[in-house]
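If you read the sequence shown in this note's numbering, its first letter stands for residue 944, the second for the next number, and so on.
Beta carbons are placed, not taken as given, at the ideal position from N, Cα and C, and that holds for glycine.
Bear in mind the structure is a predicted one, so any value in this text is a computation, not a measurement.
To start, the structure itself, in structure tokens.
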Amino acid sequence: MNSLLKAASGIAAAIPKHSTANAAIGLSGVRFASSKPMKKKLDQKPNSRVVFISQSTNVHANLAFEDWMYRNWSFENRNVLFLWRNDPCVVIGRHQVPYVEANLPYLESAGVPVVRRNSGGGTVYHDQGNLNATFFTARDRYNRRDNLEVICKALQEDFNIQAEINSRDDIIVGGDYKISGTAAKLGRTTAYHHCTVLVGADKKQLSLALKGDKSIITNATESVPAPVMNLRDVSDNISVESLLGSLGRKYLALPTAESCLSRGGSNGFTLINPTPDWFPGLGELQEELSSWEGLHGRSPRFSITRSITLPNCLVPNTKIDATIKVYHGIIEEVTFSDGGCPDLAEITQDVSQVFKGMQYTPEVFRDMVNGMRVPQKQKLQSSYGI
């Protein structure tokens, strides 16, 4: 068992990693969301609270579990805190363009996955120096400020770290250093709010990973840069493991409807293994998150312009601008400046038609130049099967 799990003192159910008998966390605990409209009850407390701790550090598995819970569990009478961390990865928001937000060439060469989550908000870097927290609740009990206050209370009371919540619902320390951002998904009856807390993340890798291409033009949501700090820079006494235990205990100590009636009400810490054996249907969600469609196929519209050098066999020492418009990862349109050479029109028109409808990658600009070499149509047919 890894050190993250050992930190959660008071664990009620240490379930073997490969057991299928307790898919009950996935099945017997399931009460599908009611189709009936729910009345507002912001002041009503849940009957119980439970903390789930993931035994996986795979971002696709953990995000798939998050989505599985959102789709399958009813939170009408209970709240859940899901605590998890990942191996190095970049997680972009639902309405973002990955090329704008992340350094995709670097991340691909480093073997670091990029994944699109189902909530809005900005892009974050994860590694095992982050603690991720997801607060599940009924939609009409959703209150992200209350959730953030639990994190601040844990930091202040157990680690003597003075943390505040700013107007953007970021948690900051030292005046304006961000240690946690926030995002949410709100459904008709169910909601979740999640955040990542920087404890001892690799800030050099974070900086490299989040160097996206800011020359891209888009109306998509863009991340708001902010100075960041690790909690380890504030206190030597904190670790991901100790924060997990502290946050879990503070969360379970919050009032519930049953605890107000002196009947207890919290189920404690529960280890979960986010696999299809435990949670039927989770595999399909994980595959979707890790697919091209999941990352690029949901990407908002954007356009990108590059200066390309024409082949010498056409016009020596001549550059023109090529602009590509992309929607859902597919090239919609390719246009070129004439570069003072109107005779290029036929060639560039052929190239535009060939690349329209293809999946966009940054290598497309290089491929277009190669496609302009004569004999034109034979080259295009040979390279792209048309």
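For W1027, the secondary structure class from DSSP, reduced to helix, strand or coil, is strand. Under the three-state reduction of DSSP, S1246 is assigned to strand. Within its own chain, the residues whose Cβ lies closer than 7 Å to the Cβ of L1238, once the five positions on either side in sequence are excluded, are P1041, V1057, V1058, R1059, listed in chain order.
Per DSSP, S1189 is one residue of the alpha helix (DSSP H) stretching across 1183 to 1195. Between E1009 and Y1135, the beta carbon gap of about 7 Å places them in contact (Cβ cut-off 8 Å). Using a Cβ distance threshold of 8 Å, A1144 and N1029 do not count as a contacting pair.
Under the DSSP definition of a beta bridge, L1129 partners with A1134. Under DSSP, L1214 shares a beta bridge with I996.
When DSSP states are grouped into helix, strand and coil, H1239 belongs to the coil group. Shortest Cα-Cα distance from V1116 to any of T1125, L1098, V1043, A1126 involves L1098. By the beta-carbon neighbour count (other beta carbons within 10 angstroms, threshold 16), Q1292 is exposed. V1269 is the residue among N1255, V1269, W1221, L1225 whose C-alpha sits nearest the C-alpha of R1244. Taking a cut-off of 8 Å on C-beta distances, the region 1137 to 1151 touches the region 1165 to 1181, as three or more cross pairs fall below it.
Collapsing the DSSP output to three states places I1104 in coil. When the beta-carbon positions are compared, S1062 and A1126 come within less than 8 Å of each other.
Between the beta-carbon of V1033 and that of Y1068 there is about 6 Å, and that keeps the pair under the 8 Å contact cut. Taking the Cα positions, S1123 is about 40 Å away from V1277. The DSSP-derived three-state label of T1066 is coil. In the DSSP assignment, K1147 falls outside any beta strand (DSSP E) and lies within the alpha helix (DSSP H) extending over 1146 to 1152. If you look at T1266, you'll find it in the beta strand (DSSP E) that goes 1262 to 1270. With a cutoff of 8 Å on beta-carbon distance, V1142 and I1181 are scored as near each other. Around the beta carbon of Q1302, a 10 Å sphere encloses fewer than 16 other beta carbons of the protein chains shown; the residue is thus reported as exposed. Assignment of V1116 by DSSP, reduced to helix, strand and coil, places it in the strand class. By the Cβ criterion, the region 994 to 1013 is in contact with the region 1220 to 1235, since at least three pairs of Cβ atoms, one from each stretch, lie closer than 8 Å. Cβ-Cβ separation between W1011 and F1222: approximately 5 Å, consistent with a contact (criterion under 8 Å). Annotated as proximal: V1312 and P1254, with beta-carbon spacing under 8 Å. Taken through DSSP and simplified to helix, strand or coil, S1166 comes out as coil. E1100 and I1251 have their C-alpha atoms roughly 58 Å apart. DSSP, read as helix, strand or coil, puts F1308 in helix.
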